[in-house]
Amino acid sequence: MKKFNFRKVLDGLTASSPGGSSGGGSGAGGGSVHPGGTAGAAGTPRDEIQETLTSDYFQICKTVRHGFPYLPTALAFDPVQKILAIGTRTGAIRILGRPGVDCYCQHESGAAVLQLQFLINEGALVSASADDALHLWNLRQKRPAILHSLKFNRERITYCHLPFQSKWLYVGTERGNTHIVNIESFILSGYVIMWNKAIELSTKTHPGPVVHLSDSPRDEGKLLIGYENGTVVLWDLRSKRADLRAYYDEAIHSVAWHHEGKQFMCSHSDGSLTLWNLKSPNRPFQTTIPHGKIQRDGKKPESCKPILKVEYKTCKNSEPFVIFSGGLSYDKACRRPSLTIMHGKAITVLEMDHPIVDFLTLCETPYPNEFQEPYAVVVLLEKDLIVVDLTQSNFPIFENPYPIDIHESPVTCTEYFADCPPDLIPVLYSVGAKHKKQGYSNKEWPISGGAWNLGAQTYPEIIITGHADGSVKFWDASAITLQMLYKLKTSKVFEKQKLGEGKATAEIVEEDPFAVQMMYWCPESRIFCVAGVSAYVVVYRFSKHEVNTEIASLEVRLQYEVEDIITPEPEIIPPFPDASSQLPSLKSLSGSTNTVACEGTMKDSIPCLSVKTRPVRMPPGYQADLVIQLVWVDGEPPQQITSLAANSAYGLVAFGNCNGLAVVDFMQKTVLLSMGTLDLYGSSDPYQRQPRSPRKSKQFAAGLTELSDSPVSLELERCKSPTSDHVNGHCTSPTSQSCSSGKRLSSADVSKANRRGPGRPPFRKAQSAACMEISLPVTTEENRENSFSRSRSSSVSSIDRDSKEAITALYFMESFARKNDSAVSPCLWVGTGLGMVLILSLNLPASDDLRQSEPVMVSPSGTVLTLKGAVLTFACLDCMGTLTHPPYEVWRDPHSADDGEKTRKRKLVMHSPSSSQDMGDHQFAVICSEKQAKVFSLPSQTCLYVHNITETSFLLRADVVTLCNSVCLACFCANGHIMTLSLPSLRPLLDINYLPVTDMRIARTFCFTNEGQALYLSSPTEIQRLTYSQEMCDNLQDMLGDLFTPVETPEAQNRGFLKGLFGGSGQAFDREELFGEATAGKASRSLAQHIPGSGGIEGVRGAAGGVIGDLTRARIALDERGQKLGELDERTASMMASAEAFSKHAHEVMLKYKDKKWYQF
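The numbering used here puts the first residue of the sequence shown at 5, with every later residue one more than the last.
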């Protein structure tokens, strides 16, 4: 059976992989097994290890999208279901209800959404898109789908209106015509209101596009049409003629009715509001320019910016609300975008942080002919969603329960942890909850529709996002929701940059110098490390207690040195000063930096940023334990950090860049190792490296990510390695040196002279995870978000083999360092950009008591393993094929008051030695590079399995993850393929061409985690989560929220008998009779084309699997039908009762006046 599955996978690979260079994951030699002579102690592992995972366990599907909809364009609200829909410029629709109810759907065309209209309380939504198509979405299924589409061929859609409880949609066009669409069949009616019929015959100019459509609240047979040039027409649908026409000499942007249907208000391009009365349409009943300055000589107030939208909402017990966006005076150029609320004589201006896209007033009733009673305003901004409470006089905003502030500062990196310790989420929430803001409305969030339950998946999940301003956010991501737990500001450890210093500092980035580049988190020990763009690492410990303390800091000198044999342009530069004069103290740092810059002398031994030297108050949560900074070397800026790892049991943190590797003891606060990559090999360097001539002093000044705007084909870059940047990763300092720390370690022995010119100019800008250096088109909308580079092992250009070899992967592990080792010992695995794997031995003090005083020794073991391409990830399996976790220290509060001497002892969890000694004396090392994966048996170092993952592309991310109590290797390739391989045998289990890397943001932020989950940043503001587990795909329907819940439509207020008789004939208006085919005929076929959607089939398939789902849906439909019939019965009975009562009263009145003469009344 297993063999059959294996074949099936390979067949699937050949079927699914496209041909040519973009072809799939598995190249030649896929899954090939190399026994490698004897397998050492492992014997024949395939006989020993029973692998449980097969291809049946894997399937890819998107689960949920979090964050703010990117580039929003439209807004709609269902006042009965209480759900909100937002359309975007990329053709996406996000539908939001109560927290947990968050649905994402996408138009296949990708055309921008112009307008959205709910079929109120019907579980359906109409979208109008920029490609002149209308779509009907079915919301009665967990994943909405399109039921019908209607594509206009000859006219462009500009405005839509669907009256409450009507099945006829009015569609206005750019030519000024109004068409009518049947919502049920999605077919165009033959009834058309042509622009030349609507305006007066004497008018010589075209009125412009239709900008507004609405039926009169008083009479549904009257349609108000607003044209852009200032003409408003009230069209009688029955008699097919204009009832009234109103003209104004300023362009119209929007129109709003008074609920009685006797007045309407227009907003105009000169910042004015005009109020019109139906009885006197010749001129406006009232004209105001709310923000215009009143002129002294009695002239009309000066004009202002256009009022883009106005809403006119009435209240029973107070003055009406007039709410509008725009309309500010031109003289205040720097004024922020504003929403103005006029209530009686009070005018309140709410200033917004971003431009207003649209707003909606939420009212108590869905009926347009009743007092509206507004209670809130939803304001959609370009980068935020705000809801204002209208029931309180100071108009507070509601606290937003959705995670829409992911992009508060651009995201630069992400990490994802599934199945982490359950106590972490409440602990992080408790320290984060103390920072909650005050001043929100005390009312419940008004967008409360839909239903959501926890589902079967209960393990805790945490997502961590690093940002361009140095902040780090921890999110609770359990059960496909997202809620912020805690925010850490890493910039707090540094002095603020003083304005005006500018070029005079030692900074290497001018903008966002604190941007987070990499993060390492150990959930069990709660150790957290951050690598920043300005070449520093901060080690954080977690504490529940506030503390006031100084921040310890170290400085590391890391350079890359090759003997200079040929020197084309010899320059005489004096040798380094002795070690004691290398490090200016922190206090004199800013002064010395200024002098250095002014005199033009070379910067040396200066860190890029200044750590705070005074005691700092640290609130409960993550507190900085140690800051390690790389320093300038002979005018060369420190290179960005490309790899980072830490281990709480060993008390060590390691990080590397393209110059070399540094290992720091964060318990003793000392630098243990600072070595160029070349020196790590010692005599076992497999490459014959040629010395490089020094670089010329004038060199291309490339910023951290200065992406070319010209689109370059991804195909050209596919085969290149992502290890060294062609911009920032083209590391230029060719020297390696042992370190100098803040404590001036004696290991600083600087002897070799460097014949090199002054350093290159500072980098321009730290940029968001939006881009990595694969040459891809960058759109203008995403300029800032799209522009950060972090040098993981993932910038894309070919390696400069003669010079640099970046450290691309690090891993602390209990392992066999050498071939003849009989027992495991602490090791640091080091992977480089040239595919080399080095093992460093860590010699730790024998007892815990000596850990703080005895030195830790780090030494290369001499073991070197090789792979093709830059090394991405390591993992260790025991002899049974089970994933072995690195040892860790159990978390204890470093500042706990009740800790005595006994409890201060460290409690270490050592996973491997005891267990693996019982089960055997060997382990498997899993190593994955950007081109291939290998499994070695240790200590024999025999390569048991090798799988060439891709020949034509390269991997961007690889993670060893657990799934269904087993383990596999998950890979994401630059050609868009997601693959999984079994462990230890590296059999292909899944290979799907899922996600073409059209944007570097995806490559930067993609990460896998346990239980078949993964995520990436799909836009600068949104996180997309997906699963590669078949089980989760099967259970997804249970986990998603319901958008539609059966809610009874509120009854219309009793209008009274006389009002019904004389208040217009709105109730008797029969649209079917007027617009139906029998009366209006068929519309021209060439005008619009009907396209049936796939929603019907998908809806049935998606609602549930199989017959049971169908039966359930049928039963629900019957229940709803029965419910509606019951309501109909009750209404009929009450109408009969009121008719009888009326008849009785009428009879009594008749008897009373029967015999009286006319003059007796």
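Virtual Cβ for every residue (Gly too), placed ideally from N, Cα, C.
- In the DSSP assignment, what are the bridge partners of H471? In the sequence shown, the residue the question calls residue 471 occupies position 467. Answer is V415, bridged to H471.
- Message: Please state the DSSP three-state secondary structure of L1078.
- Response: Translated into the one-based positions of the sequence shown, residue 1078 becomes position 1074. Here DSSP, grouped into helix, strand and coil, assigns L1078 to helix.
- Message: Restricting to Cα atoms, I'd like to know which of T1083, L1132, P1050, V1153 is closest to G454.
- Response: Here residue 454 refers to the residue found at position 450 of the sequence shown. Ranking the options by Cα distance to G454, first place goes to P1050.
- Item | Cβ neighbours of A137 in the same chain (closer than 6 Å, five flanking residues each side left out) | Here residue 137 refers to the residue found at position 133 when the sequence shown is read from its first residue. Excluding sequence neighbours, A137 sits near S153, K155.
- Message: Can you list, in chain order, the residues of its chain with a C-beta nearer than 6 Å to that of S307? Leave out the 5 residues immediately preceding and following it.
- Response: Looking up residue 307 in the sequence shown gives position 303. Contacts found: D274, G275.
- Under 8 Å between the Cβ atoms of K938 and S452? Numbered from its first residue, the sequence shown carries residue 938 at position 934. Numbered from its first residue, the sequence shown carries residue 452 at position 448. Taking 8 Å as the Cβ cut-off, K938 and S452 do not qualify as a contacting pair.
- Query: Which residues bound the alpha helix (DSSP H) around S434?
  - Reply: Looking up residue 434 in the sequence shown gives position 430. Run containing S434: 428 to 436, per the alpha helix (DSSP H) assignment.
- Starting from A380 and walking both ways along the beta strand (DSSP E), at which residues does that stretch end? For the purposes of this step, residue 380 is taken as the residue at position 376 of the sequence shown. Note, A380: beta strand (DSSP E), 378 to 385.
- Task: Count the other C-beta atoms from every protein chain shown that fall within 10 angstroms of the C-beta of H1149, then say buried if there are 16 or more, exposed otherwise.
- Result: By one-based count along the sequence shown, residue 1149 stands at place 1145. It counts as exposed.
- Message: Between which two residues does the alpha helix (DSSP H) holding I87 run?
- Response: Taking the sequence shown and counting its residues from 1, one reaches residue 87 at position 83. Unbroken run through I87 is the beta strand (DSSP E), 87 to 92; no alpha helix (DSSP H).
- Item | S397, DSSP secondary structure in three states | As a first step, residue 397 must be located in the sequence shown, where it is residue number 393. The answer is coil: DSSP assigns S397 none of H, G, I, E or B.
- Query: Hey, which unbroken runs of the alpha helix (DSSP H) at 4 residues or more fall wholly within the segment 938 to 1024?
  - Reply: 1004 to 1009
- Item | Beta-carbon spacing of T67, L1030 below 8 Å | Position 63 of the sequence shown, counting from 1, holds the residue named residue 67. Position 1026 of the sequence shown, counting from 1, holds the residue named residue 1030. Contact: yes.
- Query: What residues match up with M1140 in a beta bridge as DSSP calls it?
  - Reply: The residue you call residue 1140 lines up with position 1136 of the sequence shown. Among the bridge pairs identified by DSSP, M1140 is matched with none.
- Query: Among V657, L129, L630, P611, which one has its Cα closest to the Cα of D638?
  - Reply: The residue given as residue 638 occupies position 634 in the sequence shown. Of V657, L129, L630, P611, the residue nearest in Cα terms is P611.
- Item | C-alpha distance - T292 paired with V382, whole-angstrom precision | Working through the sequence shown from its first residue, we reach residue 292 at position 288. Working through the sequence shown from its first residue, we reach residue 382 at position 378. Spanning the two alpha carbons is a distance of roughly 25 Å.
- What do you get for E1177, buried or exposed, if any count of 16 or more other CB atoms within 10 angstroms of its CB means buried? The structure shown does not extend to residue 1177, since the chain is modelled only from 5 through 1165, so no value can be given for it.
- Item | Coarse secondary structure for E818, derived from DSSP in three states | Working through the sequence shown from its first residue, we reach residue 818 at position 814. Three-state DSSP puts E818 in a strand.
- Output the distance between the C-alpha atoms of K911 and V964, rounded to the nearest integer angstrom. What you label residue 911 is simply residue 907 of the sequence shown in a count that begins at 1. What you label residue 964 is simply residue 960 of the sequence shown in a count that begins at 1. Between K911 and V964, the C-alpha separation is close to 27 Å.
- Item | Contact the segment 805 to 824 vs the segment 858 to 878: 3+ CB pairs below 8 Å | Three or more pairs of CB atoms, one per stretch, sit closer than 8 Å, so the segment 805 to 824 contacts the segment 858 to 878.
- Task: Work out the CA separation of R147 and R1075 for me, nearest whole Å.
- Result: Residue numbering aside, residue 1075 sits at position 1071 when the sequence shown is read from its first letter. Residue numbering aside, residue 147 sits at position 143 when the sequence shown is read from its first letter. Each residue's Cα considered, the two are about 32 Å apart.
- Proximity below 8 Å, CB of I311 to CB of L277: Sequence index remark: in the sequence shown, residue 311 carries index 307 (1-based). Sequence index remark: in the sequence shown, residue 277 carries index 273 (1-based). In contact: I311 and L277 (Cβ atoms closer than 8 Å).
- Message: Would you call the segment 926 to 937 in contact with the segment 1002 to 1018, where contact means no fewer than 3 C-beta pairs closer than 8 Å?
- Response: no
- Name the DSSP bridge partner or partners of N142? Position 138 of the sequence shown holds residue 142. For N142, which the question treats as bridged, DSSP gives the partners A128, A149.
- Query: Does DSSP put E224 in a helix, a strand or coil?
  - Reply: Reading the sequence shown from its first residue, position 220 is the one you call residue 224. Looking at E224 - three-state DSSP - the assignment turns out to be coil, as it is neither helix nor strand.
- Task: For the segment 205 to 278, list the beta strand (DSSP E) runs that are entirely contained and at least 3 residues long, ordered along the chain.
- Result: 214 to 219, 226 to 231, 235 to 240, 245 to 251, 256 to 261, 267 to 272
- Item | Buried or exposed (CB count within 10 angstroms, at least 16 for buried), G1085 | Position 1081 of the sequence shown, counted from the start, is the residue given in the question as residue 1085. When all chains shown are included, G1085 counts as exposed.
- Message: Assuming contact is defined by CB atoms lying nearer than 8 Å, are I345 and L354 in contact in what I supplied?
- Response: Start at 1 with the first residue of the sequence shown, and residue 345 comes out as number 341. Start at 1 with the first residue of the sequence shown, and residue 354 comes out as number 350. Contact: yes.
- Query: If you draw a straight line from the alpha carbon of F1146 to that of F1073, how long is it in whole angstroms?
  - Reply: Within the sequence shown, numbered from 1, the residue matching residue 1146 stands at position 1142. Within the sequence shown, numbered from 1, the residue matching residue 1073 stands at position 1069. Distance between the alpha carbons of F1146 and F1073: 24 Å.
- Message: On the CB-based measure, 16 or more other CB atoms within 10 Å of its CB, does P726 come out buried or exposed?
- Response: Sequence index remark: in the sequence shown, residue 726 carries index 722 (1-based). Any reading at P726 must be qualified, since the residue scores a pLDDT of 38, below 50, and its modelled position is unreliable; no value is offered.
- Rounded to a whole number of angstroms, what is the C-alpha to C-alpha distance between A1179 and V537? Because the chain is modelled from 5 through 1165, residue 1179 falls outside the range shown and cannot be assessed.
- Query: How big is the Cα-Cα spacing for I187 and L389?
  - Reply: Within the sequence shown, residue 187 is the residue found at index 183, counting from 1. Within the sequence shown, residue 389 is the residue found at index 385, counting from 1. Roughly 30 Å between the two C-alpha positions.
- Query: Helix, strand or coil for F168 per DSSP?
  - Reply: As a working note, residue 168 is residue 164 in the sequence shown. Note: F168 maps to coil in three-state DSSP.
- Item | Whether C975 touches A962 by CB criterion (8 Å) | Start at 1 with the first residue of the sequence shown, and residue 975 comes out as number 971. Start at 1 with the first residue of the sequence shown, and residue 962 comes out as number 958. Closer than 8 Å, so yes.
- Query: Taking Cβ positions, are L656 and Q633 nearer each other than 8 Å?
  - Reply: Mapped onto the sequence shown, residue 656 falls at position 652. Mapped onto the sequence shown, residue 633 falls at position 629. Cβ distance not < 8 Å, so L656 and Q633 don't count as in contact.
- Query: Identify the residues that DSSP records as bridge partners of Q644: which are they?
  - Reply: By 1-based counting over the sequence shown, the position of residue 644 is 640. Q644 is not bridged by DSSP to any residue.
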